Amino acid sequence: MNKLFAVIKKEYKTIVKKKSFIIMTILTPVLMAGMMVVPVLLMKVDRSDKKIAVADYAGGYTQALSAVPAEKSEKKKGGLDMDAMNEMPVTAGRISFQQVELAGRDAAALLREYEQKVLKKEIDGLLLIPADVKSQRQVSYYSTSISDFTTLKFIESTLRTAISKQLLLEKQIDPSVVDEATREISMETFKVKKEGTTKSDSGMDYMMSIFMIIILFMILINYGQMIMRGVLEEKTSRISELLISSARSTHIFYGKLLGIGLAGLTQVALWILLAALLVSRFSGMVDAAILSFLTPEIAFYFVIFFILGFFIYAIPYAFIGAAVNTDQEAQQFASVLSVLIIVPYILGISALQNPNSTLTLVASLFPLFTPILMFMRITTAVPPLWQILASIGLCVLTIWGLAWLGAKIFRVGMLMYGKKPSLGEMLRWVRYK
Amino acid sequence: MSEWALSLHDLVKDFDGKRAVDHISFAVKRGEILGLLGPNGAGKTTTIRMVMDIIAPDAGRVEILGEGLSDKVKDRIGFLPEERGLYRKLKVMDTLLFFGELKGMKAAAVRERGRRLLQQFQLAGYEERKVEELSKGMAQKLQFITTILHDPELLILDEPFSGLDPLNIELIQGIILERKRAGTTIIYSTHLMEYAEKTVDSLVMIDQGRKVLDGTLATVKAEYGQKFIRLQYEGDARFVAGLPYVRSCRDSGREMEIELEDLTKREQLLRDLLGKVTINGFQLSEPSLQNIFIRKVQEGAGA
Ligand SMILES: Nc1ncnc2c1ncn2[C@@H]1O[C@H](COP(=O)(O)OP(=O)(O)O)[C@@H](O)[C@H]1O
Ligand SMILES: [Mg+2]
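As you go down the protein sequences, you meet chains A and B in turn.
Taking our numbering, I'd label the letters of the first sequence as residues -16 to 416.
Taking our numbering, I'd label the letters of the second sequence as residues 291 to 593.
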């Protein structure tokens, strides 16, 4: 037993003392915070006041556009991605629309003149409203940046409303009825959880899920490869002979797994701590959706599925390290294994849209996929407890089998230099205690 | 407690149909130094690997310190593998701590004994250096320290002198003798027979996987009798090999080891040499292990 602890201690200390460990431990939460704050900042920049020239050949639409306070209507369009950040207390920029003096010029002539203005940034864009807009429903917008969806959406919906109003008014309908008929609607999204329904933003949840899974995915690969390289180093430097002649191969193998696993757990624990610290310190600045996402429950499952995933992937990585003879060979096999880890990740993307489908359920119970898929499901729509427990049970069984086989293969592979062992020899080795 | 520290019974190992170790048996007395001698590829390392349980024998059995190779017994053995290797990124003291604890030592004991040994091997002050920062010779010495750190009862050293400069060879030889005086049983393999001559109590010679000779140094030498003349000379002495009463001779240019049919012919030899070469030295001598080995292999091939 003391030998097992000696190996655990050495492996743990070796990793925890590495510069890369310390850097990753600190940098990851900072990056994470950065990734949440940067889109907000970008939006702030993007929200500077905008000046849009309107060449209104139809007439009357400039007033319609100017009549609606831009920032108010923007807020109502709850979509995916960036919009999720709208709930941050950001002062939205205003859009001012300026009527262009047409003075009898046609659209082509006007465009030539205003293209220059757009390029010189005198104005942010030119909106061309042709005379037949009512029937054709076609306007054109010229700008250096046409990816500003909020502005585009705003123009689009305001024009549609204005046209609808006009059409209704022409039909002699009571203006108050027209107002009522064309009033915008806003949608709020709610997430149904066992602990109670909370107001949530599906976009934010989606981002956070992807985010946590990327982290899980990265550390699983990272720690797996660390084991692989460690085993290969011992093999190529022949330290393996010293180890095997000093302790049982099972103690060396399990000690290595546990030592490196504990180092990984330390890192995860530090991340959770740092995240908790950051969130509590800057809670005012953080989106309510993030706060409602980062529950102790999620942290707990993150730890559980990190541990399960670590063993499920680390043991095959250790196989590779013990079976091959060079770094290149190791990398080749490792990339095959990485694909196996990517599969649940890709399945997971569909799982996010469809967390309760049969495919998702079955795949998340498959032990090789469980750590990533089941965790992904938990972050989106909490599955029934029996499913979680069943998946954990299956993982534990798989790990038990892998560990048994792993110790045998480790013993054989570590001392096989240069050539591939024959099957008969392998069998003799596996039986050898 | 049996008088044998280690005994091998009919060990056999094949690699891809080629026999690397062919029914090797021998035993090592407690407290003595045994040399496992033979040219490169003779099967020394394979034999030692089977003793250390690194590879399984195809047949035969090993008894070590009175039992099989259990965890407890492993703690009482110090092993220096032929291919040296340490963790490159680990610091010197951490290396000692790891291997010491792996042998069941307490950390404090490792520190204390480790410091003393580092001192003895002129590595004091390197405790916090990484192994990769050491020169090759230093790393070899560190490896040797990890082998003897836990004060083992039995030392098994595979080619302990290879890759070392003369000063360090002397250092290691000194340590081997010091260990022996402290009661440690020592087995070492080498293909350099001159080194063995100076330190071993008994020896086992193997060639192509087979044992060709074993016994104490004294009996082995006695068996070959005092039929050797060591001649130091200048000039051309090639004619000596053709003399009818000379059985064999090994010429190293200025020194020649001459085996006579029988010792009474030595005056005849002296007469034949006079006037043809300048004689700087002429004395009766024991045969060298090298010579005994060559004779033994030739006999085996002839039989
Ligand atoms: N792992 C191995 N696979 C195949 N052949 C081997 C292996 N190890 C040793 N041999 C062969 O066994 C013979 C004995 O080698 P070895 O025990 O290393 O000799 P020595 O240590 O006396 O120089 C050699 O012919 C060598 O090529
Ligand atoms: Mg050898």
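All C-beta atoms in this analysis are idealised placements derived from N, C-alpha and C, irrespective of residue type, glycine included.
Since we're looking at a predicted model, the values are computed, not measured.
Residue span of the beta strand (DSSP E) that contains residue i, given as start and end
i	result
residue 440 of chain B	First-last for residue 440 of chain B: undefined, no H or E at that position.
residue 37 of chain A	33 to 39
residue 368 of chain B	367 to 370
residue 303 of chain B	294 to 305
residue 480 of chain B	475 to 480
residue 308 of chain B	308 to 319
residue 82 of chain A	78 to 82
residue 126 of chain A	123 to 126
Residue i CB to nearest heavy atom of ligand 3 below 7 angstroms
i	result
residue 448 of chain B	Among the ligands present in this structure, namely ligand 1 and ligand 2, ligand 3 is not found.
Rounded separation between residue i and residue j - CA only
i	j	result
residue 9 of chain A	residue 356 of chain B	54 angstroms
residue 298 of chain B	residue 311 of chain B	12 angstroms
residue 350 of chain B	residue 314 of chain B	9 angstroms
residue 300 of chain A	residue 364 of chain A	32 angstroms
residue 214 of chain A	residue 305 of chain A	6 angstroms
residue 339 of chain B	residue 333 of chain A	54 angstroms
residue 489 of chain B	residue 467 of chain B	8 angstroms
residue 212 of chain A	residue 124 of chain A	56 angstroms
residue 12 of chain A	residue 5 of chain A	12 angstroms
residue 398 of chain B	residue -11 of chain A	14 angstroms
residue 216 of chain A	residue 389 of chain A	17 angstroms
residue 367 of chain B	residue 474 of chain B	10 angstroms
residue 139 of chain A	residue 48 of chain A	10 angstroms
residue 443 of chain B	residue 257 of chain A	51 angstroms
residue 532 of chain B	residue 578 of chain B	21 angstroms
residue 182 of chain A	residue 168 of chain A	For residue 182 of chain A, the predicted model reports a pLDDT of 49, less than 50, meaning its position is unreliable; a value from the coordinates is still stated below. If you take the alpha carbons of residue 182 of chain A and residue 168 of chain A, they lie about 18 angstroms apart.
residue 581 of chain B	residue 455 of chain B	25 angstroms
residue 75 of chain A	residue 134 of chain A	Below a pLDDT of 50, predicted positions are generally treated as unreliable, and residue 75 of chain A, at 44, falls in that range; the measurement from the model is reported next regardless. Computed Cα separation, rounded: 11 angstroms.
Cβ-Cβ distance between residue i and residue j below 8 angstroms
i	j	result
residue 318 of chain B	residue 462 of chain B	no
residue 323 of chain A	residue 277 of chain A	no
residue 204 of chain A	residue 347 of chain A	no
residue 421 of chain B	residue 382 of chain B	yes
residue 331 of chain A	residue 196 of chain A	yes
residue 343 of chain A	residue 360 of chain A	yes
residue 550 of chain B	residue 561 of chain B	no
residue 82 of chain A	residue 39 of chain A	yes
residue 283 of chain A	residue 358 of chain A	no
residue 508 of chain B	residue 327 of chain B	no
residue 424 of chain A	residue 80 of chain A	This structure leaves residue 424 of chain A out entirely; chain A is present only between -16 and 416.
residue 337 of chain B	residue 301 of chain B	yes
residue 319 of chain A	residue 313 of chain A	no
residue 241 of chain A	residue 378 of chain A	no
Collapsed DSSP secondary structure at residue i in the structure displayed
i	result
residue 95 of chain A	helix
residue 154 of chain A	coil
residue 325 of chain B	strand
residue 570 of chain B	strand
residue 64 of chain A	Unreliable positioning characterises residue 64 of chain A in this predicted model, as indicated by a pLDDT of 37, which lies under 50. The coordinate reading is nonetheless provided below. Reduced to three states, the DSSP call for residue 64 of chain A is helix.
residue 589 of chain B	helix
residue 360 of chain B	coil
residue 487 of chain B	helix
residue 448 of chain B	strand
residue 136 of chain A	helix
residue 351 of chain B	strand
residue 381 of chain B	strand
residue 575 of chain B	strand
residue 469 of chain B	helix
residue 200 of chain A	helix
residue 87 of chain A	coil
residue 16 of chain A	helix
Extent of the continuous alpha helix (DSSP H) to which residue i belongs
i	result
residue 344 of chain A	341 to 348
residue 109 of chain A	Element bounds for residue 109 of chain A: not the alpha helix (DSSP H) but the beta strand (DSSP E), 108 to 112.
residue 379 of chain A	368 to 397
residue 47 of chain A	44 to 50
residue 339 of chain B	334 to 341
residue -5 of chain A	-15 to -1
residue 118 of chain A	116 to 119
residue 309 of chain A	First-last for residue 309 of chain A: undefined, no H or E at that position.
residue 352 of chain A	First-last for residue 352 of chain A: undefined, no H or E at that position.
For a minimum of 4 consecutive residues, which ranges assigned as the alpha helix (DSSP H) are wholly contained in the segment 218 to 303 of chain A? 222 to 227, 232 to 264, 271 to 276
Quick check for students: name the residue ranges of the beta strand (DSSP E) that lie wholly in the segment 491 to 556 of chain B, counting only runs of 3 or more. 492 to 497, 500 to 506, 518 to 524, 536 to 541, 545 to 550
Output the residue ranges of the alpha helix (DSSP H) runs that lie fully inside the segment 385 to 443 of chain B and measure 4 residues or longer, sorted by chain position. For the segment 385 to 443 of chain B, the full-length alpha helix (DSSP H) segments reaching 4 residues or more read 397 to 410, 426 to 438 along the chain.
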